[in-house]
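Numbering (our numbering), first residue to last: 483 to 721.
Reading through the C-alpha cells given below for one structure.
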C-alpha cells in the first residue's frame, strides 16, 4: 500500500525521534572513554541536525495540510458557483420563468429533453430575479478568488487552460441573458473591480459573438481566454 506524502513525513519524523531516543538511552549506560561515550558527546551536534530535519518535515506537513484545505475550498466554490445556481433555478422556476430561460442558449433549450416553454405574460418576481442574478455574479467573484488563491500558494497546482475555458464557457452562457446584462450595472458596486471587469468582458463577448452550437461556444471562450484584458484581470487578482 502506497503512503501519502503526509503519512510519509509523519513516519520519517517518528523514526528519527525513536532512533535518537534509543541512541541516547544506550549511550547513557556506556563506560567513560568508550566509543559510545565519545559519540554521546556529539549529541548537541546531532540534536541540531535533528531540529533542522524536524523543521523541514514540519514545513512539508504544513504544505500538505494547507493544500488539502485549499482543495476542500475549491470543491466548496464549485458547489457555490455551479450546483447552488442550478438548484436555485429549479427551486424558483415558477417565480421567474422568463429570466431563467434567458440564461440558456436557444440551441441548448432545443436539445433539452421534454423542454417546452412559452413566454409568460406575467412579470417575473423581481426579488427572485435579483436573488439568482446575485448568485451568478458572486460565482464570478468566487472563481477569481479561487484562481488567485492557487497562485498565492505558489505550488504547481492551479487552473490549467482547459479548466478556465470550461468555467468561462459556463459564465458566458449566463452572460448572454439580456436581463442579466441589465441587472449588473445596478449592483456592480457590490463587487471587486476585477469582478466588474470580468463581467463587462463576458457581456461584451456574449453580445459580440452570438453562438449557435457548443463548438462556437468553446471557440469564442478560447478567444476571450487569450484576450489581453482577461490576462490583466488574472494578473490583478494575484497582486
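In this text, a Cβ means the ideal position worked out from N, Cα and C, and glycines have one as well.
Being a predicted model, the structure only gives us computed values, none of them experimental.
(request) May I ask you to report which of helix, strand or coil DSSP gives residue 604? (result) Taking the chain shown and counting its residues from 1, the one referred to as residue 604 is at position 122. Three-state DSSP puts residue 604 in coil, outside helix and strand.
(request) Would you kindly report the start and end of the unbroken alpha helix (DSSP H) that includes residue 696? (result) Counting from one through the chain shown, the residue named residue 696 turns up at place 214. Counting along the chain, the alpha helix (DSSP H) containing residue 696 begins and ends at 696-707.
(request) Grab the span of the alpha helix (DSSP H) containing residue 677 for me, first residue to last. (result) Position 195 of the chain shown holds residue 677. It spans 675-690 - the alpha helix (DSSP H) in which residue 677 sits, taken as one unbroken run.
(message) Tell me which residue opens and which closes the alpha helix (DSSP H) that residue 586 is part of.
(response) Along the chain shown, read from residue 1 onward, the residue named residue 586 stands at position 104. Per DSSP, residue 586 belongs to no alpha helix (DSSP H) and is neither H nor E.
(request) Could you check what DSSP says for residue 664 in three-state terms: helix, strand or coil? (result) Here residue 664 refers to the residue found at position 182 when the chain shown is read from its first residue. Helix, per DSSP.
(request) Going by CA-CA distance only, name the one from 695, 700 and 709 that's closest to residue 593. (result) Within the chain shown, residue 593 is the residue found at index 111, counting from 1. Measuring from the Cα of residue 593, the nearest candidate turns out to be 695.
(request) Please classify residue 595: does DSSP put it in a helix, a strand, or coil? (result) Counting from 1 along the chain shown, the entry for residue 595 is found at position 113. If DSSP states are grouped into helix, strand and coil, residue 595 belongs with coil.
(message) Check this for me: beta carbons of residue 718 and residue 676, under 8 Å apart or not?
(response) One-based indexing of the chain shown puts residue 718 at position 236. One-based indexing of the chain shown puts residue 676 at position 194. The answer is yes: Cβ separation under 8 Å.
(message) Can you check which of these residues, 614, 685 and 693, is closest to residue 569 by C-alpha distance?
(response) Indexing the chain shown from 1 puts residue 569 at position 87. Per the Cα distances, 614.
(message) Buried or exposed for residue 576, going by 16 or more other Cβ atoms inside 10 Å?
(response) Here residue 576 refers to the residue found at position 94 of the chain shown. Under this definition residue 576 is an exposed residue.
(message) Can you find the residues in the same chain that come closer than 8 Å, C-beta to C-beta, to residue 651, ignoring five residues on each side of it along the sequence?
(response) Residue numbering aside, residue 651 sits at position 169 when the chain shown is read from its first letter. So the qualifying residues of the chain are 699, 700 and 703.
(request) Grab me the residues of residue 584's own chain with a C-beta within less than 6 Å of its C-beta, minus the 5 sequence neighbours each way, in chain order. (result) For this step, residue 584 is matched to residue 102 along the chain shown. Excluding sequence neighbours, residue 584 sits near 659 and 661.
(message) Is it buried or exposed, residue 623, if we count other Cβ atoms within 10 angstroms and call 16 or more buried?
(response) Here residue 623 is taken as the residue at index 141 of the chain shown, counted from 1. With 16 or more Cβ atoms within 10 Å of its Cβ, residue 623 is classed as buried.
(request) Determine the closest residue to residue 588 out of 692, 709, 713 and 710, with distance taken between C-alpha atoms. (result) Position 106 of the chain shown, counted from the first residue, corresponds to residue 588. Of the candidates 692, 709, 713 and 710, the one whose C-alpha sits nearest the C-alpha of residue 588 is 692.
(request) Please go through the same chain and pick out, in chain order, the residues whose beta-carbon is closer than 7 Å to the beta-carbon of residue 625, but skip the five residues on each side of it. (result) The residue given as residue 625 occupies position 143 in the chain shown. Closer than 7 Å at Cβ, skipping near neighbours: 563 and 649.
(message) Does residue 580 come out as helix, strand or coil in the three-state DSSP assignment?
(response) Taking the chain shown and counting its residues from 1, one reaches residue 580 at position 98. Looking at residue 580 - three-state DSSP - the assignment turns out to be helix.
(message) Classify residue 713: buried if its beta carbon has 16 or more other beta carbons within 10 angstroms, exposed otherwise.
(response) In the chain shown, counting from the first residue as 1, residue 713 sits at position 231. Residue 713 should be labelled exposed.
(request) Write down the C-beta distance between residue 657 and residue 629 rounded to the nearest angstrom, noting that I regard them as a contact closer than 8 Å. (result) Indexing the chain shown from 1 puts residue 657 at position 175. Indexing the chain shown from 1 puts residue 629 at position 147. Rounded, the Cβ-Cβ distance is 18 Å, inconsistent with contact.
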